[in-house]
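Counted the way numbering that gives the first Met the number 0 counts, the sequence shown spans residues 0 to 269.
Note that the Cβ used here is the ideal one computed from N, Cα and C, for glycine as well.
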Amino acid sequence: MFVKKLWWNTQSKTYDIMRKSIMLIAAAMFAGTFALQAAKPKVIAHRGYWNTEGASQNSIRSLVKADSIGCYASEFDVWMTPDNVIFVNHDPTINGVEIQRTPAAEVRKQKLSNGENIPTLEEYLKTAQGLKTRLVLELKTHDSRAREKEAVKKTVEMVKKFGLEDRTDYIVFSKDAFKQYVKAAAKGAKVYFLNGDYVPCQIKFAKGAGIDYSLRVMKKHPEWIKECHDKGLEVNVWTVNEPEDMKWCIEHGVDYITTNEPERLQQMLK
Ligand code: MG
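Structure follows, in structure tokens:
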């Protein structure tokens with residue numbers, strides 16, 4: 000009887016240890032999977048998804064294409080004419096016409112390489128209303144602080160007019176415009192700094208949402224990723240096109256990757 004009881008107790012303890020071990024392993028696997036999923040960066044199409052048929056950089060088509068492949072967001076650049084019309088374009092000039100110094104009617108005639116007319120911000124936002132992708136609006140650094148201030152005001156007003164406040168983030172190189180967006184943008188809007196020369200505590204102090212720095216800067220300062228996260232800030236990296244660089248960003252736990260190759264990045268994240 001005693002031997003039988005001893006045998007039973009031993010079996011029961013072994014079973015208990017095994018059961019606890021299995022539960023611990025399962026919990027660790029679940030936590031690991033969750034951490035992996037939580038750490039996945041989101042894909043932002045740089046100047047829209049332009050590296051595809053029929054699109055060109057910052058075209059309406061590139062915005063629609065970014066949305067069609069399920070990009071988290073689509074980035075684009077804006078400039079303001081002397082008569083206060085905002086156009087979507089990366090360079091300060093289009094076909095030799097300088098946007099900051101040319102009336103809107105003249106700028107408007109200019110064609111992109113895919114045949115579209117250069118889009119106004121108004122047209123861009125109108126299209127975005129029917130899409131799901133978020134917008135990352137980059138205001139380019141203008142000639143004067145006064146013009147830049149006006150451009151901040153105009154862009155924020157227009158985003159509000161189209162009801163896109165909850166879907167639009169702002170990015171800038173200019174320190175002035177960064178501070179102005181933090182003040183002017185709707186409550187909860189995210190403003191990121193691009194220039195690479197503010198450390199995380201300066202971004203926190205200025206009430207920015209985080210950093211949006213080049214891959215070159217981030218590889219020089221990978222410690223900023225953790226510093227940002229510890230301070231509740233986010234990290235976006237541009238412009239990440241090569242698989243080994245995408246891998247670096249994923250392994251370092253950045254929050255967003257801005258790329259000219261969104262489909263390549265999406266495949267890698269699968
Ligand atoms: Mg840009």
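Cβ distance (whole Å) where residue i is taken to contact residue j below 8 angstroms
| i | j | result |
| --- | --- | --- |
| alanine 38 | glycine 252 | 5 angstroms |
| aspartate 66 | threonine 167 | Not quite, the Cβ-Cβ distance comes to about 14 angstroms (not below 8 angstroms), so this is no contact. |
Inter-residue spacing [alpha-carbon to alpha-carbon] between residue i and residue j
| i | j | result |
| --- | --- | --- |
| lysine 219 | glycine 195 | 11 angstroms |
| glycine 129 | glutamate 74 | 17 angstroms |
| isoleucine 93 | isoleucine 170 | 22 angstroms |
| cysteine 297 | valine 234 | Absent from the structure is residue 297, since the part of the chain shown begins at 0 and ends at 269. |
| histidine 141 | valine 77 | 10 angstroms |
| serine 61 | glycine 53 | 8 angstroms |
| arginine 263 | tryptophan 247 | 14 angstroms |
| aspartate 269 | lysine 41 | Looking at the sequence itself, residue 269 is lysine, so the reference to aspartate does not match. So the two alpha carbons sit approximately 12 angstroms from each other. |
| lysine 159 | methionine 79 | 18 angstroms |
| alanine 205 | alanine 72 | 24 angstroms |
| leucine 124 | glutamate 164 | 11 angstroms |
| glutamine 179 | glycine 47 | 25 angstroms |
| valine 84 | glutamine 265 | 35 angstroms |
| serine 143 | proline 199 | 27 angstroms |
| lysine 108 | proline 91 | 16 angstroms |
| asparagine 113 | asparagine 88 | 13 angstroms |
| glutamate 121 | alanine 176 | 20 angstroms |
Where residue i falls: helix, strand or coil (DSSP)
| i | result |
| --- | --- |
| serine 55 | coil |
| aspartate 66 | helix |
| arginine 133 | strand |
| lysine 159 | helix |
| threonine 119 | strand |
| valine 84 | coil |
| lysine 218 | helix |
| tryptophan 278 | Any property of residue 278 remains undetermined from this structure, which presents the chain solely from 0 to 269. |
| threonine 167 | strand |
| glutamate 241 | coil |
| threonine 92 | strand |
| leucine 111 | coil |
| tyrosine 180 | helix |
| leucine 138 | strand |
| valine 151 | helix |
| glutamate 97 | strand |
| alanine 106 | Residue 106 is actually valine in this sequence, not alanine. Reduced to three states, the DSSP call for valine 106 is helix. |
| alanine 188 | coil |
| tryptophan 223 | helix |
| tryptophan 206 | One point to set straight first is that residue 206 is lysine, not tryptophan, in the sequence displayed. It is coil, neither helix nor strand. |
For residue i, the residue or residues it bridges with in DSSP
| i | result |
| --- | --- |
| lysine 41 | Tyr255 |
| tyrosine 212 | Val236 |
| alanine 72 | Ile43 and Arg133 |
| phenylalanine 172 | Note: phenylalanine 172 sits in no beta bridge, so no partner. |
### Query
Near the ligand MG, which residues have their beta-carbon closer than 6 angstroms to a heavy atom?
Those residues, listed in chain order, are Glu74, Asp76 and Glu137.
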